[in-house]
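Residue numbers (my numbering): 303 to 736.
I have placed the structure first, in the form of C-alpha cells, so that the comments after it can refer back to it.
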Amino acid sequence: MDKFVIKGGRRLTGEVTISGAKNAAVALLPAVILCDEPCILENVPSISDVNICLRILKEMGAEVTSLGKDSYRIDPTNIDKCCVPYETARKMRASYYFLGSLLGKFNKARVSMPGGCPLGDRPIDQHLKAFSALGAEYTLSQGMIDLRAEKLTGNQIFFDVVSVGATMNAILAAVKAQGLTVIENAAKEPHIVDLANFLNSMGANIMGAGTDVIKIRGVEHLHGTSYSVIPDQIEAGTFMIVAAATKGDVLVKNVIPKHLESITKKLEKIGVNIEQFDDSIRVWVDGPLVKTSVKTTPHPGFPTDMQPQIATLLTLAEGTSIVTEGVWEQRFRYVDELRRMGADISVDGKVAVIEGTGKLMGAPVKACDLRAGAALIIAGLAASGITEIEDIFHVERGYDCMEGKLRALGADIEKVSFPDADAESESSARKTAI
Ligand code: EPZ
303 MDKFVIKGGR RLTGEVTISG AKNAAVALLP AVILCDEPCI LENVPSISDV NICLRILKEM
363 GAEVTSLGKD SYRIDPTNID KCCVPYETAR KMRASYYFLG SLLGKFNKAR VSMPGGCPLG
423 DRPIDQHLKA FSALGAEYTL SQGMIDLRAE KLTGNQIFFD VVSVGATMNA ILAAVKAQGL
483 TVIENAAKEP HIVDLANFLN SMGANIMGAG TDVIKIRGVE HLHGTSYSVI PDQIEAGTFM
543 IVAAATKGDV LVKNVIPKHL ESITKKLEKI GVNIEQFDDS IRVWVDGPLV KTSVKTTPHP
603 GFPTDMQPQI ATLLTLAEGT SIVTEGVWEQ RFRYVDELRR MGADISVDGK VAVIEGTGKL
663 MGAPVKACDL RAGAALIIAG LAASGITEIE DIFHVERGYD CMEGKLRALG ADIEKVSFPD
723 ADAESESSAR KTAI
C-alpha cells in the first residue's frame with residue numbers, strides 16, 4: 303500500500319504545468335472505437351483510469367502504440383470484441399463510455415455496471431433512455447449491461463437531469479446513427495465539447511456541444527485524426543487552491559482560462575489574487591482569506607469536482623462559510639477526515655457549515671475518493687506538522703504525478719510504501735485456515 307507523508311506549513315511557489323483532462327480522456331479513448339482508421343491522441347494524462355481504458359482497448363483487439371510522453375497511436379480496425387470484461391470495467395465509472403461507442407459502431411455492447419467514486423446513488427437511467435431512443439434494447443444481468451439494436455436511428459432525446467455521462471454516451475451512440483438526433487437538456491462541461499470536437503475532427507457532424515441542445519447528423523464513415531486532449535479544468539483548479547491554501551504564489555500553465563471562470567470568481571471573493579494570461583493563470587495570496595458561500599452546479603457553475611478542495615480552503619478563511627453540494631447525494635464523506643485535522647465543519651444533508659479557524663493540524667487521514675484525496679493533500683500542505691494520507695490510489699486515478707508537481711513547487715511530500723496490515727492478517731488467516 304502507498305501513502306503520502308506531508309510536512310505542512312510551506313509556502314508553495316513557482317510554476318506547474320497542467321496535464322490533459324481525465325474526464326475528457328476517459329471518453330475520447332472509447333470514442334476511438336467509432337473510427338474506421340487509426341487515430342493519434344496527444345496530451346493524454348498518465349493516470350490509472352486512462353491505463354484501464356488503454357487496457358480495455360487492447361483486450362478488445364485494438365493496436366495501441368505509445369508515441370512518447372502522453373501520446374498514443376490507436377488502431378481500432380481489428381477490434382473483434384464487443385464485451386468489456388467485468389473485472390476490468392468495474393474499476394472505474396467511465397467504463398460505461400464503451401457502451402455508447404461499441405453500440406454506435408457495432409450495434410451491440412456488453413459492459414459491467416459502472417464502479418467509481420462513492421458519491422451516493424449513481425444511476426444510469428438517462429444513459430439507457432438515450433440508447434432506447436436510438437433503437438437499442440437492453441438487459442441487465444449478473445452486473446452486466448447488454449445492449450443490442452437492429453440499427454440505430456436518430457431521434458429526439460430529452461434528459462430528465464443534466465448528466466455528463468449520459469450526454470457523452472448519447473453522442474457516442476448517435477454519431478453513426480441514421481438521420482438526425484437532437485439532445486435536449488444536455489450537459490455543457492468542457493469535456494463534452496472536447497468529445498464533439500474530437501469526433502468532428504474524424505468527420506462526424508455534431509453541432510451545439512457546450513450548449514443544452516446538441517444536434518447530431520449520423521455519418522457513414524469516420525476517418526483517422528490526430529487530436530490533443532484539453533487541459534484538465536479540475537487539476538488546474540486544484541493547483542489554484544494549493545497556491546491559495548499555502549499563501550503561495552504559483553503560475554498554473556497549460557490552462558484554458560475560460561474553463562476556470564467560476565473557480566476564479568469564487569477565489570477572488572475569498573481574497574485570492576488572480577492574474578490571467580492566454581494559457582496560464584497566476585494565483586497568489588497577500589492578505590487574509592475571508593468567508594464565502596458556494597453551491598456546486600453543472601457547468602458553467604462552480605464544479606462539484608472542486609467542492610472538497612474549496613471547502614478545505616474555507617477552513618482556513620475567517621468567518622462562517624456555507625458549501626452546498628448541488629449535484630451529488632453525498633459528497634461530504636471527506637469532512638470526518640478534515641475534522642481529525644482540527645477543522646470545524648458541520649454537515650446537514652447537502653449543506654456544510656464551515657467555521658474558519660485559520661489553521662489545521664497534521665494527522666493520519668484516509669482518502670475516500672479522488673477529489674477528497676486532493677482536498678486532504680491541500681489540508682496537509684497548509685497544516686502545521688505531519689499529515690499521512692492513506693488510500694492514495696484514489697488520487698492516482700485522476701491526477702498525473704501529483705507529488706512530483708507539488709515537490710517542484712517546494713512541498714515536502716513523499717510517497718511511502720507500507721505493508722497493508724489488513725491484507726497481511728487476511729493472508730496469514732488464510733494460511734492457518736488451509
Ligand atoms: C461525471 O460523472 C464525472 N466523471 C464526475 O467526476 C463529475 O462529478 C460528474 O460528471 C458531474 O460533473 C467522469 O466524467 C468520468 P453525471 P457522471 O451523470 O457522468 C444523476 C471526478 O471526480 N444521474 O453528470 O457519472 C447523478 O446521480 C468525477 O472526476 C442520473 O440521475 O455524472 C448525479 O446526481 C466524480 N441518472 C447527476 O445526475 C443518470 O443516468 C450528475 O451525474 C446519470 C446521472
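Backbone N, C-alpha and C define an ideal beta-carbon position, used for all residues, glycine too.
Here the structure is a predicted model, which means the values were calculated and not measured.
For residue i, name the three-state secondary structure that DSSP assigns.
i	result
Tyr399	helix
Thr469	helix
Lys597	strand
Asn325	helix
Tyr374	strand
Tyr701	coil
Ala480	According to the sequence displayed, residue 480 carries Gln and not Ala. Residue state, collapsed to three classes: strand.
Thr548	coil
Val366	strand
Ala731	The predicted position of Ala731 is uncertain, since its pLDDT is 46 and thus under 50; a value taken from the coordinates is nonetheless stated next. Residue state, collapsed to three classes: helix.
Asn487	coil
Ile459	strand
Within 7 Å: the Cβ of residue i and any heavy atom of the ligand EPZ?
i	result
Glu491	yes
Val466	yes
Arg635	no
Val653	no
Ala396	yes
Arg392	no
Leu421	yes
Asp448	no
Asn353	no
Leu482	no
Trp290	There is simply no residue 290 to check, as the chain begins at 303 and stops at 736 in what is shown.
Val629	yes
Taking all protein chains shown into account, decide if residue i is buried (16 or more other Cβ within 10 angstroms of its Cβ) or exposed.
i	result
Met772	Lying before the first or after the last residue shown, residue 772 is absent from the chain, which here runs from 303 to 736.
Glu705	buried
Thr763	No answer is possible for residue 763: it lies beyond the span of the chain, which begins at 303 and ends at 736.
Ala731	In this prediction, Ala731 scores a pLDDT of 46, lower than 50, which makes its location untrustworthy; the coordinate-derived value is nonetheless stated afterwards. Exposed, because fewer than 16 other Cβ atoms sit within 10 Å of the Cβ of Ala731.
Pro332	buried
Ser368	exposed
Ser403	buried
Pro605	buried
Phe461	buried
Asp351	buried
So, for residue i: in the same chain, excluding its five sequence neighbours on each side, which residues have a beta-carbon less than 6 Å away from its beta-carbon?
i	result
Thr540	Gln611, Ala676
Ser737	It is not possible to answer for residue 737, since the shown part of the chain is limited to 303 through 736.
Glu491	Val466, His601
Arg584	Leu553, Glu577
Leu591	Ile572, Gly573, Leu618, Ala619
Counting only the same chain and skipping the five closest in sequence on each side, list residues whose C-beta sits under 7 Å from that of residue i.
i	result
Lys707	Val318
Asp722	Met303
Arg375	Pro340, Ile342, Thr367, Leu369
Ala735	Because the pLDDT of Ala735 is 37, which lies under 50, any placement of that residue in the model is unreliable, and the number read from its coordinates should be weighed accordingly. So no residue of the chain qualifies.
Tyr399	Val328, Ala329, Pro332, Met470, Asn471, Leu474
Closer than 8 Å by C-beta to residue i: which residues in its own chain qualify, once you throw out the five before and the five after it? Chain order, please.
i	result
Ile473	Gly402, Ile485, Ile494, Leu497, Ala498, Leu501, Ile508, Ala511, Ile516, Ile518
Spell out a yes or no on whether the stretch 573 to 590 and the stretch 546 to 565 are touching, meaning 3 or more CB-CB pairs, one atom from each, closer than 8 Å. yes
At least three beta-carbon pairs within less than 8 Å, the stretch 512 to 529 to the stretch 475 to 484: yes
If you pair each beta-carbon of the stretch 623 to 634 with each one of the stretch 655 to 665, do three or more pairs fall below 8 Å? yes
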